[in-house]
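First comes the structure, then the notes that go with it.
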Amino acid sequence: MIGPGTTIRGNITGDEDLVVEGRIEGSLRLSRDLTVATGAVLQAEIEAANVQVSGRIQGNVTALETLVLDGDSVMVGDINTPRLHIADGARFKGRVHMDFEIAGAEKAPTRRR
107 MIGPGTTIRG
117 NITGDEDLVV
127 EGRIEGSLRL
137 SRDLTVATGA
147 VLQAEIEAAN
157 VQVSGRIQGN
167 VTALETLVLD
177 GDSVMVGDIN
187 TPRLHIADGA
197 RFKGRVHMDF
207 EIAGAEKAPT
217 RRR
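Residue numbers for the sequence shown follow the working numbering, beginning at 107 and rising by one.
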């Protein structure tokens with residue numbers, strides 16, 4: 107956990123879940139889940155398995171599974187995720203890319219003209 111009175115500048119990587127209540131400036135790459143708590147501010151490029159946002163993010167976010175923007179969240183930046191939930195009241199400015207592959211799915215046959 108990064109507490110509410112803590113600011114970290116630089117590149118952060120990890121293999122555990124992380125809860126941020128403070129401030130991060132730089133980049134953040136996790137193989138597990140990220141929770142951005144109410145009051146937290148991230149100015150960062152972010153990649154994590156799942157991202158839950160109640161605070162503020164300025165920067166691009168890649169969530170490999172799901173990104174959730176809670177009702178009080180503010181995000182400015184591009185989103186890349188296969189699943190996105192934006193709650194009523196959330197504020198978002200940016201682009202959304204939802205590229206995904208479904209395991210085991212067969213491609214539909216293409217028509218010939």
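We put the beta carbon where it would ideally sit given N, CA and C, even for glycine.
Note that the structure is predicted; figures quoted are calculated from it, not measured.
Of Leu140, Ala169 and Asn166, the smallest CA-CA separation from Glu122 is found for Leu140.
Nearest Cα to Arg115 within the set Asp184, Glu151, Gly183 and Ala196: Glu151. Across the set Ala169, Asp194, Gly195 and Leu175, the C-alpha of Ala169 shows the shortest separation from the C-alpha of His203. For Gly120, the uninterrupted beta strand (DSSP E) segment begins and ends at Thr113 to Gly120. Secondary structure at Arg201: coil, using DSSP grouped into helix, strand and coil.
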